[in-house]
Amino acid sequence: MFSVPLGIMFGADLTVAEYIRKSLIAAFLGNAVGGLIVALPATYFYLGDHDADILRAAEVGNITPESRDTHKSNGEGRD
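Under the numbering used here, the first residue of the sequence shown carries the number 279, and numbering increases by one thereafter.
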């Protein structure tokens, strides 16, 4: 992003309009598509696990293998 405008200032054979048309638009579209490829699955998996009581317990350190078995056997976490 810095080198091309610096080259334009020093007299490179490139105009600001060409730079915007050839570089900035393509970079913007590539970043937008790449961001969606990363953000959409991450959001889907994050929001799809909204009822993850066992994970919340693990985050605070309140989980053992026994409590995990109890959690499954008493019907918690089922839809």
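Just so you know, even glycine gets a beta-carbon here, dropped at the ideal spot from N, CA and C.
A straight line joining the alpha-carbon of Ile-298 with that of Leu-318 spans about 28 Å. Across the structure, Glu-296 and Leu-302 are spaced so that their CA atoms are roughly 9 Å apart. In the three-state reduction of the DSSP assignment, Asn-309 falls in the helix class. Excluding its 5 nearest sequence neighbours in each direction, Val-294 has C-beta neighbours in its own chain below 7 Å: Ile-286, listed in chain order.
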